[in-house]
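>
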Amino acid sequence: MIAIPVGILLTRITSDTFKNSIFNIANIFQTIPTIALLALFVPLLGIGMPPAIVALFLFSLLPLLRNTYAGMQSVSEDIKESAKGMGYNSFQQLWKIEFKIAFPYIMSGLRMTTVYVISWTTIAAVIGAGGLGGLVMSGLSMNDAYYIFTGTILAVILALIVDFIMSKVEKKIIY
Numbered sequence: 001m002i003a004i005p006v007g008i009l010l011t012r013i014t015s016d017t018f019k020n021s022i023f024n025i026a027n028i029f030q031t032i033p034t035i036a037l038l039a040l041f042v043p044l045l046g047i048g049m050p051p052a053i054v055a056l057f058l059f060s061l062l063p064l065l066r067n068t069y070a071g072m073q074s075v076s077e078d079i080k081e082s083a084k085g086m087g088y089n090s091f092q093q094l095w096k097i098e099f100k101i102a103f104p105y106i107m108s109g110l111r112m113t114t115v116y117v118i119s120w121t122t123i124a125a126v127i128g129a130g131g132l133g134g135l136v137m138s139g140l141s142m143n144d145a146y147y148i149f150t151g152t153i154l155a156v157i158l159a160l161i162v163d164f165i166m167s168k169v170e171k172k173i174i175y
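Sequential numbering from 1 applies to the sequence shown in UniProt numbering.
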């Protein structure tokens, strides 16, 4: 959720160099292969959940950051001027006008990020983080297609269910 306030803050900053730096840092984490980023944190944090949590956090930044930024950028200057004309202060304008207009973008980013994290979590089993990826890893080590297939199908079903629920929540909030 850090990506949402950072995305909003980036729309308030005038320095394109600073904005590009933030997006480039987020892009770097996104381009590192999942397994490599997980392995990178094992020497620092050990085997199991801690390196998985840090890696998943870093992976989740970019989609939500980009969508939040795009949503906030989609608010036209005319709307901002109208809010000022109605006497809104900066915070009221941000919260009551801009955030509401940007919210569909933000929800879309949150949906994408959530589904991504579910898929990346299955890979985290490689470093002992368990979860549905544990079934896949067990299947690979035992050469058992049933375990591999079961873990894969369960991860897909979980991602689809979460995406479905989030789409319903999004529609309920937005419309």
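All C-beta atoms, glycine included, are put in the ideal place defined by N, C-alpha and C.
Specify the secondary structure class of TYR175 as computed by DSSP and reduced to three states.
Coil at TYR175, not helix or strand.
> Going by beta-carbon coordinates alone, are GLY134 and ALA124 separated by less than 7 Å?
For GLY134 and ALA124, no; Cβs fall outside 7 Å.
> Report the three-state DSSP secondary structure of ASP16 (helix, strand or coil).
It is helical.
> Under 7 Å between the Cβ atoms of LEU61 and ALA39?
No, Cβ-Cβ distance for LEU61 and ALA39 is not below 7 Å.
> If you draw a straight line from the C-alpha of LEU154 to the C-alpha of ASN67, how long is it?
Answer to the nearest angstrom: the Cα atoms are 28 Å apart.
> With distances taken from CA atoms, which of GLY7, VAL156, ASN24 and ILE165 is nearest GLN73?
Measuring from the Cα of GLN73, the nearest candidate turns out to be GLY7.
> Near TYR146, which residues of its chain fall below 8 Å by C-beta distance, leaving aside the five closest residues on each side in sequence?
Taken in chain order, the residues that qualify are GLY139.
> Taking the alpha carbon of GLY71 as the point to measure from, which residue in LEU58, ILE79 and ALA102 has its own alpha carbon closest?
Cα-wise, what sits closest to GLY71 is ALA102.
> So, is PRO63 buried or exposed, given that buried needs 16 or more other C-beta atoms within 10 angstroms?
Buried: at least 16 other Cβ atoms inside 10 Å.
> Here's the rule I'm using: 16 or more other beta-carbon atoms within 10 Å means buried, otherwise exposed. How should MET137 be labelled?
Under this definition MET137 is a buried residue.
> Tell whether a beta-carbon distance below 7 Å holds between PRO104 and ILE165.
No, the pair does not count as a contact, with Cβ atoms beyond the cut-off.
> By Cβ distance below 7 Å, which residues in the same chain neighbour LYS96 in space, the five residues on each side in sequence not counted?
Around LYS96: TYR88.
> Tell me the residue span of the alpha helix (DSSP H) that contains LEU38.
34-45 is the extent of the alpha helix (DSSP H) around LEU38.
> Just mark MET1 as buried or exposed, buried being the case when its beta carbon has 16 or more other beta carbons within 10 Å.
That one is exposed.
> Where does VAL162 fall in DSSP's three states?
Of the three classes helix, strand and coil, the one that applies to VAL162 here is helix, per DSSP.
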